[in-house]
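Q: Letter by letter, the sequence shown follows residues 60 to 202 in this note's numbering.
For glycine and all other residues, C-beta sits at the position ideal for the given N, C-alpha and C.
Since this is a predicted model, take the numbers as computed values, not measurements.
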Amino acid sequence: MRDLRLQFAELGVQLYASPRYLDMLGEPRHPTDLAQHECLRRPGPKSDIWTVQREGETLDVAVGGRFLLNNVVMIQRLAALDMGIAVLAEGIVTNDVAQGRLRRVLPQWQATPVPVYAMTETRLLPAKTQRFIDFLREHLSST
60 MRDLRLQFAE LGVQLYASPR YLDMLGEPRH PTDLAQHECL RRPGPKSDIW TVQREGETLD
120 VAVGGRFLLN NVVMIQRLAA LDMGIAVLAE GIVTNDVAQG RLRRVLPQWQ ATPVPVYAMT
180 ETRLLPAKTQ RFIDFLREHL SST
C-alpha cells in the first residue's frame with residue numbers, strides 16, 4: 060500500500076510568549092536574542108534551530124530550553140503559563156492573543172510555514188472525501 064500526500068494548505072507560524080514572561084525576562088529585539096530565552100521546542104533533527112524570515116532575509120537561530128514537547132497544545136499552554144517562547148500557528152492562538160495570555164514576539168519575523176497534508180491511499184478519492192479536503196483547504200486559507 061502506498062500513501063499519497065496532498066498538500067492543501069500552509070499555516071503561517073509566528074513566535075509567541077506571555078506578556079508576563081516577556082516582562083520577567085525581557086523581550087527579544089533580534090532573533091539571535093532567542094538564545095538567551097526559554098524556547099518551547101518540538102522534537103526533531105533541528106529542534107535546537109529555528110528558522111525565521113523577513114523581507115527576503117532568512118536566519119537560522121540556535122535556541123534552547125528545558126522543554127522539548129511533541130504536543131502543540133501543550134506548547135501553547137506552557138507559553139501562556141509564562142514558561143517560554145513558542146513557535147505557533149496564528150490560527151490556534153487567536154483566543155490566547157485576544158484574551159491577553161499570549162503576545163507576538165519579534166513581529167517583523169515569521170517562522171517557516173507549516174504544510175498541511177491529506178494522506179490518501181490513492182489519487183481516486185470518493186466525492187465526499189474530496190469535498191472535505193476542499194472545505195479544509197478553503198477554511199485554512201482564510202485563517
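Relative to the C-alpha of residue 78, which candidate in 160, 185, 87, 178 has its C-alpha closest?
A: 160
Q: For residue 134 versus residue 74, is the C-beta spacing smaller than 9 Å?
A: no
Q: Do the CB positions of residue 102 and residue 128 come within less than 9 Å of each other?
A: yes
Q: Out of 121, 97, 86, 120, which has the shortest C-alpha to C-alpha gap to residue 162?
A: The residue with the shortest Cα to Cα distance from residue 162 is 86.
Q: So who's on the other strand from residue 72, going by DSSP bridges?
A: 148, 170
Q: Comparing C-alpha positions only, which one of 138, 186, 197 sits nearest to residue 97?
A: 138
Q: Would DSSP call residue 122 helix, strand or coil?
A: Three-state DSSP puts residue 122 in coil, outside helix and strand.
Q: Inspect the beta-carbon positions of residue 91 and residue 118 and report whether they are closer than 9 Å.
A: yes
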